[in-house]
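All remarks here apply to the structure that follows.
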Amino acid sequence: MSTPLKPLPAWADVAVIPLVNVAAAFVISGFVVLAIGENPLAAVQSLVLGALGDLEGIGYTLFYATSFIFTGLSVAICFHAGLFNIGTEGQAYISGLGAALVALHFGFLPGYTLAIAAIIGAAIFGAAFAAIPGYLQAYRDSHIVITTIMFNYIASAIMGYVLVNVLRKPGQMNAESEPFRDTALVPQFHDVLAHFGITWPVTPFNLSFLLALLCCLAFWLLIWRTRLGYEIRTVGANPTAAVYGGISPARVTIITTLLSGALAGGVAANIILGDQHRLILEFVGGFGFVGIAVALMGRAHPVGIILAAILFGVLYQGGQALSMDMPKISRDMIVVIQGLVVLFAGALEHMFRRPVATLLARRTTQPPI
Amino acid sequence: MDWFDSFIVVFASGMRLAVPLILACLAGLWSERSGIVDIGLEGKILVGAFASAAAATFTGSVWLGLLGGVAAAVVFSLIHGYASIDQRANQIVSGTAINMVADGLTALVGNAIWSQGGRTPQLPAEAQFGAINWPFVNEIGAVPIIGPIYQHLISGHDIVTYAAFLLVPLTYWALYNTRFGLRLRAVGENPAAVDTAGISVRGLRYSAVIICGVLVGLAGVYLVLSQEGYFQPHMSAGRGFIALAALVFAKWRPWPALGTCLLFGFLDALAIRLQGVELPIIGPVPVQAIEALPYILTVVLLAGFIGKAIPPRASGIPYVKER
């Protein structure tokens, strides 16, 4: 094999490699746009204008980003424990049921405690649904990747059944629940800002965003500042060493998957309680899978996750404007970009390590003439 | 004989639904037996389906359509292979990426070319695989019991269906009775031993990945050239993941894989058949429950409550020559 390389300096590892990887994904996306017969630069311009050009665009961008922060954190916490949770999609979907059941049946709760209870309901349902694959991984030795894939489809079947046969109002065509009462809703920003005399265009952007930021802070404190976080990272790095150090990998696996499912519940808070105000079919719409891209791109760190989530928010909101301007570039382009980000920032993350290292080594070891 | 006739009808429809599952499941079997975990089957079915539809539309030839579909799936397989074998990537991450890129790219390109929301034009009959009728179908079909079985289950399928059913014994023979098969299974269990014997781990794994691409491409080809006659975005509809479930359920063995795929196809046909039917005692059939059954069965099996599913020992672990 070729000669071993000197380890990369820390700044290159943290900043340069991820940027090069993401840049590669976007360059390839540019070639895809070119192949379709459109101008990639014009596409980027249309996308950015649609997402950040006015306050309405920004509101939608941040609304999407909120969901992506939750799913990104949900996937990332499992990464730290060495688990790959593909089930965020299904956990978020089931958490919508928790939010809806509380919102519809706990109407006696005073004021906004109902909304808070509904969010907690979402988190509990998400966590409970994640607990089963977690338990099977921890104690029955069945691989969490396969079980969570299966659980995504099981979630879809459960929700289809519940919405069509149980929660649907009699005599109604659409498979959706009754609308929630007002106190079960997470307030939207334009309403909140109106109290302070600030006008903001009507968008679904709601207070769940602040909850998402709080979760990011809590995530950072948990992973890097607590005993449990240390245990999670140890199990992720080396389960054998964890056992030697008196840590139970099974216990850590269960706790991590519970937290992961609870974080996925944030999607229900944002979309169901913050925007739709009733339970609908397929409201997650693949955002759980976006979480995989966000977690990989953000390198499982809250700051990275916020940045990656906002980038994907821009892509989702801007993609809509883009598909209006250039009908050839449908919103499927976003899924392509998402896949390429997972490919280059995840699967091929070490592909550019050698070229970058060679480049840096050449620059620093110039002969002193 | 009424119930018998409906049984034959449901079974024949289950058989048709099982064909793409069998092909995708065998594809996964080849890949995972060599130690490359492949959760990208779903995406590769889509790529195979789209490329076969595009190739058949442009050339008007069903065989060039087949070739195009298989070639495109092999290319995607090789990307996964390159990431897994040469870049020592996390194979789950790579498979997830393949699924996303395939899902987006097929819909995007289909929409860009034909502007029908990603749907490709309906293929003419000569650009599709037709049913092959066996000799004396009508004469034998009149015989009770044997007749319907001969007419609906044995005769009257297209060439991809027969190929899928023939590929099961072929896979079994190749894996268990040839030198290549022995080495391939060994590389999935203990690559270091294979390497020590002077056989290329890389070469074996790449061959497995290419075979996987060909088979899973055929699954996509079947959806377009044998069944629908056009491509539609997301038309694989989770078949790649059901095939994955079947692979686990069959414990990575060819004959049980056939049985499991037939069972899952039959369940699917039953769910379609029982839509809106009132059964005694149960009442209206919860179709969702039947649809979720393959996934639930697989989870129960994985949990070790009915036997134990143990994957090939080296699956998912990149092989590093020097430690």
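Line by line, the protein sequences are chains A and B.
The number in our numbering is simply the position in the first sequence, starting from 1, with 1 added.
The number in our numbering is simply the position in the second sequence, starting from 1, with 8 added.
Just so it is clear, CB atoms sit at the ideal spot from N, CA and C, and this is done for glycine as well.
Check: Residues within the segment 273-307 of chain A neighbouring chain B, beta-carbon criterion of under 8 Å; Outcome: F290, I293, A294, L297
Check: Continuous alpha helix (DSSP H) stretch holding A:I330: start and end; Outcome: Element bounds for A:I330: n/a, residue is neither H nor E.
Check: B:S69 versus B:E134: straight-line alpha-carbon distance, rounded; Outcome: 8 Å
Check: Simplified DSSP state of B:L287, which is helix, strand or coil; Outcome: strand
Check: Partners in chain A for B:G312, counting only beta-carbon separations shorter than 8 Å; Outcome: R141, D142, S143
Check: B:P129 versus B:W122 - alpha carbon distance; Outcome: 8 Å
Check: Test: B:S21 CB closer than 8 Å to a CB of chain A; Outcome: no
Check: Assumed close pair B:S60, B:G228 - CB separation to whole angstroms, cut-off 8 Å; Outcome: 6 Å
Check: Residue burial classification, A:A270 (beta-carbon count within 10 angstroms, cutoff 16); Outcome: buried
Check: Within chain B, the residues that A:T89 reaches when beta carbons sit closer than 9 Å; Outcome: Ordered by position in chain B, no residue passes the 9 Å Cβ test against A:T89, which lies about 12 Å from the chain.
Check: Nearest to B:L86 (by Cα), restricted to the options B:A172, B:A216, B:M108; Outcome: B:A216
Check: Alpha-carbon spacing of A:F197 relative to A:F190, whole angstroms; Outcome: 11 Å
Check: Minimum Cβ-Cβ distance from B:Q95 to chain A less than 8 Å; Outcome: yes
Check: Contacts around A:S3, its chain only, beta-carbon distance under 6 Å, and the 5 residues preceding and following it disregarded; Outcome: Bear in mind that the predicted position of A:S3 carries a pLDDT of just 49, short of 50, making it too unreliable to give a figure here.
Check: Where the segment 339-358 of chain A meets chain B: residues whose CB sits under 7 Å from a CB there; Outcome: Q339, G340, L341, V343, L344, G347, A348, L349, H351, M352
Check: Pair within 8 Å by beta-carbon distance, B:G36 and B:L255; Outcome: yes
Check: DSSP-derived helix/strand/coil call for B:P292; Outcome: strand
Check: A:D333, buried or exposed, once every other Cβ within 10 Å from all chains shown has been counted against 16; Outcome: buried
Check: Interface flag, A:S3 vs chain B, CB-CB below 8 Å; Outcome: Only weak support is given to the placement of A:S3: the predicted model assigns it a pLDDT of 49, under 50, and the question is left unresolved by the model.
Check: Distance, B:Y184 Cα to B:G196 Cα; Outcome: 14 Å
Check: Beta-carbon contacts of A:V285 that lie in its chain and below 7 Å, excluding the five residues immediately before and after; Outcome: E90, A93, Y94, V268
Check: CB of A:G266 within 8 Å of CB of A:G127, strictly; Outcome: yes
Check: A:N207 in three-state terms, based on DSSP; Outcome: strand
Check: Sequence ranges, beta strand (DSSP E) only - wholly within the segment 271-302 of chain A, length at least 3; Outcome: none
Check: Of the listed residues A:L360, A:S331, A:T359, A:G299, nearest to A:V342 (C-alpha basis); Outcome: A:G299
Check: Proximity test, Cβ basis, 8 Å: B:S42 and chain A; Outcome: no
Check: Whole-angstrom distance between B:P28 and A:A119, CA atom to CA atom; Outcome: 42 Å
Check: Residues bridged to B:I140 [DSSP beta-bridge criterion]; Outcome: B:H165
Check: Alpha-carbon to alpha-carbon, B:W263 and A:V304; Outcome: 50 Å
Check: Reference A:L274, options A:G287, A:L98, A:N153, A:V291, closest by Cα; Outcome: A:L98
Check: Three-state class that DSSP yields for A:Q189 in the structure shown; Outcome: strand
Check: Residues near A:I338 in its chain [Cβ-Cβ closer than 8 Å; skip 5 each side]; Outcome: A26, F27, S30, L316
Check: Cβ contact (3+ pairs, closer than 8 Å) linking the segment 39-56 of chain A and the segment 167-187 of chain A; Outcome: no
Check: B:I30 beta carbon less than 8 Å from that of B:L266; Outcome: yes
Check: Whole-angstrom distance between B:T67 and A:T72, CA atom to CA atom; Outcome: 44 Å
Check: Any C-beta of chain B under 8 Å from that of A:I95; Outcome: no
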